[in-house]
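K.L.:
Numbering (our numbering), first residue to last: 0 to 435.
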């Protein structure tokens, strides 16, 4: 009898997987995006585009070229002279940047819907496996594939699969209006409880971050315990100050706290597109639009180019940022009357395939457009998931820019898929880490 029940359950499970895959193939992808191409042809069919991108990558490896799409030429270029003809394909923030800076260009290329995940993650996103292991959906990667409001879209961004462990060294830059920049170096680790020996199940991930330059910041360490977003629990954070040689709680490491090393150009919750609680804003879903967004910015994944080649007057030089047509969810966030934040309104543009924030328009308390964030993604080859390659935050008032995520002059490459011990991610461990 037990064997019979087991066989029936397995049969039902197999049917569920098959039906889910069949349905998503016809109308929607496994992540809830529209499978079909757009009527105007700007957005390709997901499955055909994925196949084309995969073949392009394969050919590039066979020919010995490291980056597959660098040789492509832009279809057209948008600048201050012709921006009016393309305004309906630009976010307000991106259009404002083009109109403000005479030398700023948007180089537009063919669109590749490169976003993809390992099969086991696809099945969890579809719900086929996740419902067996996590009936409460707490650790479901995309809990709202067909969102009904703006908060659900942002929860998808926060809950997306980012790999189970990652270690990297990157540089961030403050770039002034003349193209002169200062540099900050950060080493970080981010791990899911799945790869820790005794990770707490209600945590989404643990983060360690340590500055390795400039000298004024060397030795300072930040530790973050980030809860699963849907639980609505508060993040816990601690900081080790090398100058004071002590560990203290960091309750301000969220919302509109100033990002360290950014000279006040970004807030803590703008890191990674958006992070943290949704509680200070009311979230409205405007709908879905076809827009030009930074996508497949593979050209920045090249150790042979220098930062001085990449950075210039308008933040990142145009030839290093690839723009493509993609469908995005548009979410408007308005500050609640009872809450405090330096931004009174924010508009987020979230990729339908990866559920990653690709752009943000941030408004001051006076109601004027103040800052514009652009987040360029790539398809991470080693672990097969979409991943941020660069973040650029434009301040329209002082004409400065903050760029983060570059590692072109770092010898090492990001490391994924390793395990660790939870005792290395506790407040008591911070002093020990600094001594190493």
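Every residue gets a Cβ at the ideal spot worked out from N, C-alpha and C, and that includes glycine.
Which residue marks the beginning of the beta strand (DSSP E) containing residue 327, and which one marks its end?
P.N.:
To locate residue 327, count along the chain shown from 1; it is residue 328. Its beta strand (DSSP E) spans residues 321-334.
K.L.:
Verify whether the separation of the beta carbon atoms of residue 388 and residue 300 is less than 8 Å.
P.N.:
Position 389 of the chain shown, counted from the first residue, corresponds to residue 388. Position 301 of the chain shown, counted from the first residue, corresponds to residue 300. Taking 8 Å as the Cβ cut-off, residue 388 and residue 300 qualify as a contacting pair.
K.L.:
Would you decide whether residue 214 is buried or exposed? Buried here means 16 or more other CB atoms lie within 10 Å of its CB.
P.N.:
Position 215 of the chain shown, counting from 1, holds the residue named residue 214. Under this definition residue 214 is an exposed residue.
K.L.:
Between which two residues does the alpha helix (DSSP H) holding residue 93 run?
P.N.:
Along the chain shown, read from residue 1 onward, the residue named residue 93 stands at position 94. It spans 91-99 - the alpha helix (DSSP H) in which residue 93 sits, taken as one unbroken run.
K.L.:
To the nearest angstrom, how far is the alpha carbon of residue 291 from that of residue 90?
P.N.:
Translated into the one-based positions of the chain shown, residue 291 becomes position 292. Translated into the one-based positions of the chain shown, residue 90 becomes position 91. Approximately 8 Å between the Cα atoms of the pair.
K.L.:
So residue 287 packs on residue 354, CB below 8 Å; how close in whole Å?
P.N.:
Stepping through the chain shown from its first residue, residue 287 is reached at position 288. Stepping through the chain shown from its first residue, residue 354 is reached at position 355. About 13 Å; that fails the 8 Å criterion.
K.L.:
Just the C-alpha distance for residue 135 and residue 227, rounded to the nearest angstrom, thanks.
P.N.:
Start at 1 with the first residue of the chain shown, and residue 135 comes out as number 136. Start at 1 with the first residue of the chain shown, and residue 227 comes out as number 228. Annotation note: pLDDT 48 at residue 135 (below 50); position unreliable, no value reported.
K.L.:
Taking 7 Å as the cut-off, is the CB of residue 376 close to at least one heavy atom of the ligand FAD?
P.N.:
Looking at this structure, you won't find the ligand FAD or any other ligand, since it has none at all.
K.L.:
What are the partner residues of residue 350, as DSSP defines its beta bridges?
P.N.:
Sequence index remark: in the chain shown, residue 350 carries index 351 (1-based). DSSP lists 327 as partners of residue 350.
K.L.:
Which class does residue 403 belong to by DSSP, given the choice of helix, strand or coil?
P.N.:
By 1-based counting over the chain shown, the position of residue 403 is 404. Strand, per DSSP.
K.L.:
Which value, in whole angstroms, describes the spacing of the CA atoms of residue 133 and residue 232?
P.N.:
Locating residue 133 in the chain shown gives position 134, counting from the first residue. Locating residue 232 in the chain shown gives position 233, counting from the first residue. Since pLDDT at residue 133 reaches only 47, below the 50 mark, its modelled position is unreliable, and the value read off the structure follows with that caveat. Cα-Cα distance, rounded: 19 Å.
K.L.:
Determine the DSSP secondary structure at residue 378, reduced to helix, strand or coil.
P.N.:
If you number the chain shown from 1, residue 378 lands on position 379. Of the three classes helix, strand and coil, the one that applies to residue 378 here is strand, per DSSP.
K.L.:
What whole-angstrom Cβ distance do residue 261 and residue 401 have, given they're in contact under 8 Å?
P.N.:
For this step, residue 261 is matched to residue 262 along the chain shown. For this step, residue 401 is matched to residue 402 along the chain shown. Indeed, because the Cβ distance is near 5 Å, the residues count as touching under 8 Å.
K.L.:
With DSSP collapsed to three states, give me the class of residue 430.
P.N.:
Within the chain shown, numbered from 1, the residue matching residue 430 stands at position 431. Helix at residue 430.
K.L.:
May I ask which residues mark the beginning and end of the beta strand (DSSP E) holding residue 338?
P.N.:
Counting from one through the chain shown, the residue named residue 338 turns up at place 339. Element bounds for residue 338: n/a, residue is neither H nor E.
K.L.:
DSSP state of residue 279, grouped into three classes?
P.N.:
The sequence position of residue 279 within the chain shown is 280, counting from 1. DSSP places residue 279 in coil when its eight states are reduced to three.
K.L.:
Restricting to Cα atoms, I'd like to know which of 306, 363, 338 and 247 is closest to residue 428.
P.N.:
For the purposes of this step, residue 428 is taken as the residue at position 429 of the chain shown. Taking only the C-alpha atoms, the option nearest residue 428 is 247.
K.L.:
Given this structure, state the Cα-to-Cα distance separating residue 348 from residue 356, to the nearest angstrom.
P.N.:
Indexing the chain shown from 1 puts residue 348 at position 349. Indexing the chain shown from 1 puts residue 356 at position 357. One C-alpha to the other measures close to 6 Å.
K.L.:
Anyone know if the C-beta pair for residue 43 and residue 79 falls short of 8 Å?
P.N.:
Position 44 of the chain shown holds residue 43. Position 80 of the chain shown holds residue 79. Their beta carbons are not under 8 Å apart, which means residue 43 does not touch residue 79 by this criterion.
K.L.:
Is it true that the CB of residue 363 sits closer than 8 Å to the CB of residue 337?
P.N.:
Numbered from its first residue, the chain shown carries residue 337 at position 338. Numbered from its first residue, the chain shown carries residue 363 at position 364. Their beta carbons are not under 8 Å apart, which means residue 337 does not touch residue 363 by this criterion.
K.L.:
According to DSSP, simplified to helix, strand and coil, what is residue 475?
P.N.:
Because the chain spans 0 through 435 in this model, residue 475 falls outside it and cannot be assessed.
K.L.:
Where residue 298 and residue 319 are concerned, what is the direct C-alpha to C-alpha distance, given to the nearest angstrom?
P.N.:
For the purposes of this step, residue 298 is identified with residue 299 of the chain shown, where counting begins at 1. For the purposes of this step, residue 319 is identified with residue 320 of the chain shown, where counting begins at 1. Looking at the two C-alpha atoms, the distance is approximately 6 Å.
K.L.:
Can you give me the Cβ contacts of residue 425 inside the same chain, cut-off strictly under 8 Å, excluding the 5 residues immediately before and after it?
P.N.:
Your numbering for residue 425 matches position 426 in the chain shown. 222.
K.L.:
Which class does residue 56 belong to by DSSP, given the choice of helix, strand or coil?
P.N.:
By one-based count along the chain shown, residue 56 stands at place 57. Reduced to three states, the DSSP call for residue 56 is helix.
K.L.:
Just to confirm the assignment, what range does the beta strand (DSSP E) spanning residue 188 have?
P.N.:
Counted from its first residue, the chain shown places residue 188 at position 189. Looking at the DSSP string, the run of the beta strand (DSSP E) that includes residue 188 is 180-190.
K.L.:
On the DSSP bridge list, what partners appear for residue 164?
P.N.:
Looking up residue 164 in the chain shown gives position 165. Note: residue 164 sits in a beta bridge opposite 190.
K.L.:
How big is the Cα-Cα spacing for residue 38 and residue 326?
P.N.:
Counting from one through the chain shown, the residue named residue 38 turns up at place 39. Counting from one through the chain shown, the residue named residue 326 turns up at place 327. Rounded to whole angstroms, residue 38 to residue 326 spans 12 Å at the Cα level.
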